[in-house]
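> Below you will find the structure I want to go over with you.
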Amino acid sequence: MFYITSPIPYTNSTPHLGHLLEAVFVDTITRFYTRSQTDSVFLSMGVDQHGLKIYEQAQTNGIEPQEFVDHLADNYIKLWEQFEIRYDEFVKTSSPRHRVVAQVVWNKLAKSGHIYKKAYEGLYCKGCEDFYAPSQLTEDKKCPIHNTKPIQMNEENYFFQLSKFSQQIQEFLGSGTIHPSYIAKEQLNFVQEGLQDISISREKSRLPWGVPVPGDDTQVMYVWFEALINYFTAIVNPETIDALVEFPYQLDLHIEQLWKDIQDAMPINVMYISKEIAKFHLVIFIGILKALDLPLPQRALAHGLINDKEGIKFSKSLGNGVSPQEMVELFGVDGTRFLILHEINIDGDTNFNWDNMIESYNSHLANNIGNLVMRVTTLVSKNFDGLIDLESLEEGYKLYDFAQCYNYLDQLNPRKSLDYLLEGARKGNEYLESTKPWSLIKEGDKEKAQKILTQLAVLLKDLSEIISIFMPATGQSIHQIITADVIEKAQPLFCQSGKNRKISPRFL
Ligand SMILES: [Zn+2]
Numbered sequence: 001m002f003y004i005t006s007p008i009p010y011t012n013s014t015p016h017l018g019h020l021l022e023a024v025f026v027d028t029i030t031r032f033y034t035r036s037q038t039d040s041v042f043l044s045m046g047v048d049q050h051g052l053k054i055y056e057q058a059q060t061n062g063i064e065p066q067e068f069v070d071h072l073a074d075n076y077i078k079l080w081e082q083f084e085i086r087y088d089e090f091v092k093t094s095s096p097r098h099r100v101v102a103q104v105v106w107n108k109l110a111k112s113g114h115i116y117k118k119a120y121e122g123l124y125c126k127g128c129e130d131f132y133a134p135s136q137l138t139e140d141k142k143c144p145i146h147n148t149k150p151i152q153m154n155e156e157n158y159f160f161q162l163s164k165f166s167q168q169i170q171e172f173l174g175s176g177t178i179h180p181s182y183i184a185k186e187q188l189n190f191v192q193e194g195l196q197d198i199s200i201s202r203e204k205s206r207l208p209w210g211v212p213v214p215g216d217d218t219q220v221m222y223v224w225f226e227a228l229i230n231y232f233t234a235i236v237n238p239e240t241i242d243a244l245v246e247f248p249y250q251l252d253l254h255i256e257q258l259w260k261d262i263q264d265a266m267p268i269n270v271m272y273i274s275k276e277i278a279k280f281h282l283v284i285f286i287g288i289l290k291a292l293d294l295p296l297p298q299r300a301l302a303h304g305l306i307n308d309k310e311g312i313k314f315s316k317s318l319g320n321g322v323s324p325q326e327m328v329e330l331f332g333v334d335g336t337r338f339l340i341l342h343e344i345n346i347d348g349d350t351n352f353n354w355d356n357m358i359e360s361y362n363s364h365l366a367n368n369i370g371n372l373v374m375r376v377t378t379l380v381s382k383n384f385d386g387l388i389d390l391e392s393l394e395e396g397y398k399l400y401d402f403a404q405c406y407n408y409l410d411q412l413n414p415r416k417s418l419d420y421l422l423e424g425a426r427k428g429n430e431y432l433e434s435t436k437p438w439s440l441i442k443e444g445d446k447e448k449a450q451k452i453l454t455q456l457a458v459l460l461k462d463l464s465e466i467i468s469i470f471m472p473a474t475g476q477s478i479h480q481i482i483t484a485d486v487i488e489k490a491q492p493l494f495c496q497s498g499k500n501r502k503i504s505p506r507f508l
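According to the numbering used here, the sequence shown is numbered sequentially starting from 1.
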């Protein structure tokens, strides 16, 4: 199995552009590996549904937490449907299925002595659901992310022996598997400062909304620790869980099967995360994997933040964010997928600018690919009754080889891959300009014109196959148009966009 994971959004509100970026990215590389791998490819996605923030928000809204998170999860599922995101498993962390896996993992760690209980005192940020050392706070003693004062908490919690795996975690961080490398470096510095054991439970009386700690009614699992286990939940066979729940008298047998399911699926081949959650995935999760004696991820990729055009982080209170639907209104689903993959940086943060998006859409899609499809199909339908034999193209007459696009995808770089693809369309337009088949037809050399148009039609067919990885519907349309028995003049695939964009006051 070739296992690709997407981080699971914390569902205390509706999906934003950053979530869509993650979904489109993992969907694209999954489509690529599904095509290039003989192994079966598995993509896990899901939602993170526990924790104090969600619990309090549900209370504020006067509804049960389960109802609150179910409703929010639907928003994500609907959006992934709209964007043709093809995942193999969608984990909801409030599901009974996830609870079972989380508890089995907990028991395994406890049995091997990696979990212990101790009294704890510390500064806690509710927004982060995390403890802070005084040195990590801002000058006025606030959380550096939320700019709010953390609360003093004293309680008895369970701890995971993370410090024990410091050496192995450092080896992983230095192994070159993480991209971009500065993220690995940051985490390495953090670990080298001295790794502490981490608290992995909370008092149930204070936070009833979580996965119960097995064998201790007073505690629930810390949301972050439990959310990371979603990468196991996704790959356990549903039958294994059903058997575990239905036939408790054979518990050991079914737990053994559950471990076998997880072992069979590991390692994660591509772990996609954001830099904001690097510590949890590249340090804590690695410690958990080591404690469970499971192999580590083969590649990890961390994306940056999407900021507004001034470089200020998108935030609800500032109202400077961009919603997925705003993008769809202007560019359609495939246009939005393209812009996300081509205009959002892979290595660092991105300052989102509507003008750049409109410019990119028009120049790359409407004026390059769309234009080529329109011109070729118009010439073929008008002058050759739509009849072109793609099979007649002789060896060595292809105008462009798109194979390099696949290599860039294997390097997890959709932007470079798309650039290489766009170059192919540009070459096609240039060839059309320089050979002028319309003039050849006027001069009576229809045979030569037909050869040129056959070359261009083959280029478009090849392009349609690769572009369907990034833009599924567009790929299918171009393929249908160009491989039809009779080629008809195409309808515009991409309309010039942006002219009628209503600028809402908050963007001025
Ligand atoms: Zn915070």
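Yeah, the Cβ is synthetic: ideal placement off N, Cα and C, and Gly gets one too.
Bear in mind that the values here come from a model prediction, so they are computed numbers and not experimental data.
1) What residue range is occupied by the uninterrupted beta strand (DSSP E) comprising I145?
2) Report whether the distance from the Cβ of L332 to the nearest heavy atom of ligand 1 is below 7 Å.
3) With DSSP run on the structure shown, which of helix, strand or coil describes G513?
4) Which of the three DSSP states, helix, strand or coil, is assigned to Y222?
5) Rounded to whole angstroms, what is the Cα-Cα separation between V270 and D308?
6) Just to confirm before moving on: does the CB-CB distance between E129 and K53 stay below 8 Å?
7) Using 7 Å as the cut-off, classify the Cβ of G127 as near or not near the heavy atoms of ligand 1, replying yes or no.
8) Can you tell me whether N154 is buried or exposed, with buried defined as 16 or more other CB within 10 angstroms of its CB?
9) Is it buried or exposed, Q167, if we count other Cβ atoms within 10 angstroms and call 16 or more buried?
10) Within a Cβ cutoff of 6 Å, which residues of the same chain sit near H364, ignoring the five residues on either side of it in sequence?
11) With C-beta atoms as the reference, is F2 less than 8 Å away from V41?
12) Hey, could you find the ends of the alpha helix (DSSP H) S381 is sitting in?
13) Only counting the same chain, and skipping five residues up and downstream in sequence, which positions put a Cβ closer than 7 Å to that of A102?
14) Here's the rule I'm using: 16 or more other beta-carbon atoms within 10 Å means buried, otherwise exposed. How should R206 be labelled?
15) Whose C-beta lies closer than 8 Å to the C-beta of A582 among residues of the same chain, with five residues either side of it excluded?
16) Can you tell me which residues form a DSSP beta bridge with K118?
17) Taking only heavy atoms of ligand 1 into account, decide whether any of them is closer than 7 Å to the Cβ of I277.
18) Using a beta-carbon distance below 8 Å, is Y397 in contact with chain C?
19) Going by C-alpha to C-alpha distance, which of P144, V105 and H479 sits closest to L294?
20) Is any heavy atom in ligand 1 found nearer than 7 Å to the beta carbon of C143?
21) Give the DSSP-derived three-state secondary structure of M45 in the structure shown.
22) Give every residue of the same chain whose Cβ lies closer than 7 Å to the Cβ of N75, excluding the five residues on either side of it in the sequence, and list them in chain order.
23) Quick one, which of I200, Y420 and N353 has its alpha-carbon nearest L463's?
24) Ends of the alpha helix (DSSP H) at L418?
25) Please look up how many angstroms separate the CB atoms of D542 and R99, rounded, as I've assumed it's under 8 Å.
26) Report the option in L79, L296 and K164 whose CA atom is closest to the CA atom of V333.
27) Who are the near neighbours of K448 in its chain, counting only those whose CB is closer than 6 Å to its CB and skipping five residues on each side?
28) Flag H342 as yes when its Cβ comes closer than 7 Å to any non-hydrogen atom of ligand 1, and as no otherwise.
29) In the DSSP assignment, what residue or residues form a beta bridge with K92?
30) Would you give the residue range spanned by the beta strand (DSSP E) that T5 belongs to?
31) Can you tell me which of F131, E395, Y158 and D70 puts its alpha carbon nearest to the alpha carbon of G512?
32) Given a threshold of 16 other Cβ atoms within 10 Å of its Cβ, counted over all protein chains shown, does N413 qualify as buried or as exposed?
33) Could you tell me how far apart the beta carbons of A302 and I183 are, in whole angstroms, since I believe they sit closer than 8 Å?
34) Look up Y87 in the DSSP assignment and say whether it is helix, strand or coil.
35) What's the gap between the Cα of K489 and the Cα of G386?
36) Just how far apart, CA to CA, sit D261 and V24?
In short:
1) Residue numbering aside, residue 145 sits at position 145 when the sequence shown is read from its first letter. Element bounds for I145: n/a, residue is neither H nor E.
2) Here residue 332 refers to the residue found at position 332 of the sequence shown. As written in the sequence, residue 332 is Gly, which differs from the Leu given in the question. It does not: the Cβ of G332 is nowhere closer than 7 Å to a heavy atom of ligand 1.
3) Only positions 1 to 508 of the chain appear in the structure, and residue 513 is not among them; the question remains open.
4) Stepping through the sequence shown from its first residue, residue 222 is reached at position 222. In the structure shown, Y222 sits in coil (DSSP, three-state: anything other than H, G, I, E or B).
5) On the sequence shown, residue 270 is found 270 positions in, with the first residue counted as 1. On the sequence shown, residue 308 is found 308 positions in, with the first residue counted as 1. Using only the alpha carbons, I get a separation of about 29 Å.
6) Here residue 129 refers to the residue found at position 129 when the sequence shown is read from its first residue. Here residue 53 refers to the residue found at position 53 when the sequence shown is read from its first residue. Cβ atoms of E129 and K53: closer than 8 Å.
7) Counting from 1 along the sequence shown, the entry for residue 127 is found at position 127. Indeed, a heavy atom of ligand 1 lies less than 7 Å from the Cβ.
8) Counted from its first residue, the sequence shown places residue 154 at position 154. Its Cβ having fewer than 16 others within 10 Å, N154 is exposed.
9) Sequence index remark: in the sequence shown, residue 167 carries index 167 (1-based). So Q167 ends up on the exposed side.
10) Looking up residue 364 in the sequence shown gives position 364. Closer than 6 Å at the Cβ level, and outside the excluded window around H364, lie L422.
11) Here residue 2 is taken as the residue at index 2 of the sequence shown, counted from 1. Here residue 41 is taken as the residue at index 41 of the sequence shown, counted from 1. A contact, by the Cβ cut-off of 8 Å.
12) The residue you call residue 381 lines up with position 381 of the sequence shown. Taken as a continuous stretch (DSSP letters only), the alpha helix (DSSP H) holding S381 covers N371 to N383.
13) Position 102 of the sequence shown holds residue 102. Cβ neighbours of A102 beyond the five flanking positions: V211, M221, E226 and I229.
14) Within the sequence shown, residue 206 is the residue found at index 206, counting from 1. Under this definition R206 is an exposed residue.
15) Nothing about residue 582 can be reported from this structure: the residues present for the chain run from 1 to 508 only.
16) Your numbering for residue 118 matches position 118 in the sequence shown. N157, per the DSSP bridge assignment.
17) Counted from its first residue, the sequence shown places residue 277 at position 277. Flag unset: Cβ of I277 not near ligand 1.
18) Given the protein chain composition of this structure (a single chain), no chain C is represented.
19) Position 294 of the sequence shown, counted from the start, is the residue given in the question as residue 294. Ranking the options by Cα distance to L294, first place goes to V105.
20) As a first step, residue 143 must be located in the sequence shown, where it is residue number 143. Yes, Cβ of C143 sits closer than 7 Å to a heavy atom of ligand 1.
21) Residue 45 sits at position 45 when you count from the first residue of the sequence shown. Here M45 sits in strand by DSSP.
22) Working through the sequence shown from its first residue, we reach residue 75 at position 75. The beta carbon of N75 sits closer than 7 Å to the beta carbons of T14 and P15 from its chain, once the five residues preceding and following it are set aside; these are given in chain order.
23) Your numbering for residue 463 matches position 463 in the sequence shown. Out of I200, Y420 and N353, Y420 has the C-alpha closest to the C-alpha of L463.
24) Here residue 418 refers to the residue found at position 418 of the sequence shown. L418 -> alpha helix (DSSP H) spans P414 to T435.
25) The structure shown has nothing for residue 542, since the chain only spans 1 to 508.
26) Stepping through the sequence shown from its first residue, residue 333 is reached at position 333. V333 has its Cα closest to that of L79, out of L79, L296 and K164.
27) The residue you call residue 448 lines up with position 448 of the sequence shown. Once the five neighbours on either side are set aside, the close Cβ partners of K448 are L440.
28) Your numbering for residue 342 matches position 342 in the sequence shown. H342: no, Cβ never under 7 Å from ligand 1.
29) Stepping through the sequence shown from its first residue, residue 92 is reached at position 92. DSSP lists V47 as partners of K92.
30) Position 5 of the sequence shown, counted from the first residue, corresponds to residue 5. Segment F2 to T5, the beta strand (DSSP E) holding T5.
31) No answer is possible for residue 512: the residues shown for the chain start at 1 and end at 508.
32) Translated into the one-based positions of the sequence shown, residue 413 becomes position 413. Buried.
33) Within the sequence shown, the letter at position 302 stands for residue 302. Within the sequence shown, the letter at position 183 stands for residue 183. With 8 Å as the limit, A302 and I183 qualify as a contact, their Cβ atoms being about 5 Å apart.
34) Residue numbering aside, residue 87 sits at position 87 when the sequence shown is read from its first letter. In the structure shown, Y87 sits in coil (DSSP, three-state: anything other than H, G, I, E or B).
35) For the purposes of this step, residue 489 is taken as residue 489 along the sequence shown, with counting starting at 1. For the purposes of this step, residue 386 is taken as residue 386 along the sequence shown, with counting starting at 1. Cα-Cα distance, rounded: 8 Å.
36) Counting from 1 along the sequence shown, the entry for residue 261 is found at position 261. Counting from 1 along the sequence shown, the entry for residue 24 is found at position 24. So the alpha carbons of these two residues sit roughly 27 Å apart.
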